[in-house]
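Have a look at the structure below before the remarks.
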Amino acid sequence: MIASHIHDALSQVRRLQELILNKRQFMGYSGKARIASGVLALAGAGALSRGIVPATPEAHLIAWGIILAGAVVLNYSCLAYWFFFDDHVRRNPIMLKPALDAIPALAVGAALTVALVLARQFDLLFGVWMCLYGLAQAAYRQSLPGGIYLVGLCYILCGAAYLVFSGVSFLNPWPMGLMFFLGELAGGWTLIHQEYTQQQLLQKEQADHAE
18 MIASHIHDAL SQVRRLQELI LNKRQFMGYS GKARIASGVL ALAGAGALSR
68 GIVPATPEAH LIAWGIILAG AVVLNYSCLA YWFFFDDHVR RNPIMLKPAL
118 DAIPALAVGA ALTVALVLAR QFDLLFGVWM CLYGLAQAAY RQSLPGGIYL
168 VGLCYILCGA AYLVFSGVSF LNPWPMGLMF FLGELAGGWT LIHQEYTQQQ
218 LLQKEQADHA E
């Protein structure tokens with residue numbers, strides 16, 4: 018009997034720990050939107066490889082900018098939806114604070130992009146983008162699941178390897194397209210799993226209250 022009570026108490030403690038951890042995590046990003054962004058990057062690479070734009074660095078840079086704009090719209094429209102249609106978040110806008118964690122890395126990435134373009138060092142852009150985007154993911158280590166941090170490390174390692182060993186032309190879109198497709202697929206799956214876990218915990222909590 019005593020052992021049974023101890024087991025029940027430990028189960029409740031573990032469940033409480035899971036609930037507390039889950040509440041600390043940021044729920045504003047959509048896993049499906051991340052996967053869609055990865056598909057967009059892969060589709061963009063495929064389109065560029067077929068020569069739909071002139072084979073110049075400037076034309077490819079504009080094309081990647083359009084792909085980036087599409088990914089931003091996908092992800093941040095979901096964040097806006099979460100804010101406007103979740104009463105708890107709307108009453109507590111401080112819950113949006115983790116979305117700001119990535120801004121320093123992304124701002125540095127934008128500045129380096131401008132500097133490299135002005136210096137006409139286009140071939141370094143993919144590596145810089147991977148590294149800085151990876152740092153942006155790593156910045157979420159306290160507010161998103163650990164899998165996002167690991168995805169960020171993969172981006173950083175691939176970006177560093179690209180910068181040091183690659184020598185691939187900026188006009189070859191596949192390194193960028195494939196890396197961002199795989200990275201966003203992994204990141205999106207991680208967020209979908211987080212959402213599923215939260216739903217399971219809420220169902221358990223409701224069942225306990227019903228008892």
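For the sequence shown, our numbering assigns the number 18 to the initial residue and increments by one for each residue that follows. Each residue gets a CB set at the ideal place from its N, CA and C atoms; glycine is no exception. Given the structure is predicted, the values throughout are model-derived calculations rather than measurements.
If only complete runs of 4 or more residues are kept, the segment 48 to 91 shows the alpha helix (DSSP H) at 48 to 66, in order along the chain. The beta-carbon distance between R107 and F101, rounded to whole angstroms, is 7 angstroms. This is short enough to meet the 8 angstroms contact definition. Between I52 and E201, the CB-CB gap stays under 8 angstroms. V125 carries a helical assignment under DSSP once its states are collapsed to helix, strand and coil. Scanning the segment 147 to 185 from its first residue to its last, the whole alpha helix (DSSP H) runs of 4-plus residues come out as 163 to 178. Rounded to the nearest whole angstrom, the C-alpha separation of N189 and S66 is 7 angstroms. No Cβ-Cβ contact shorter than 8 angstroms links F198 with H77. The C-beta distance from R158 to Y166 rounds to 4 angstroms, short enough to fall under 8 angstroms.
By the neighbour-count criterion, in which 16 or more other beta carbons inside 10 Å mark a residue as buried, T73 falls on the exposed side. For Y93, the three-state secondary structure derived from DSSP is helix. For Y93 and A116, the gap between their C-alpha atoms comes out near 10 angstroms. Taken atom to atom, the span from the alpha-carbon of G144 to that of L180 is near 5 angstroms. The alpha-carbon of P162 is positioned some 23 angstroms away from that of D104.
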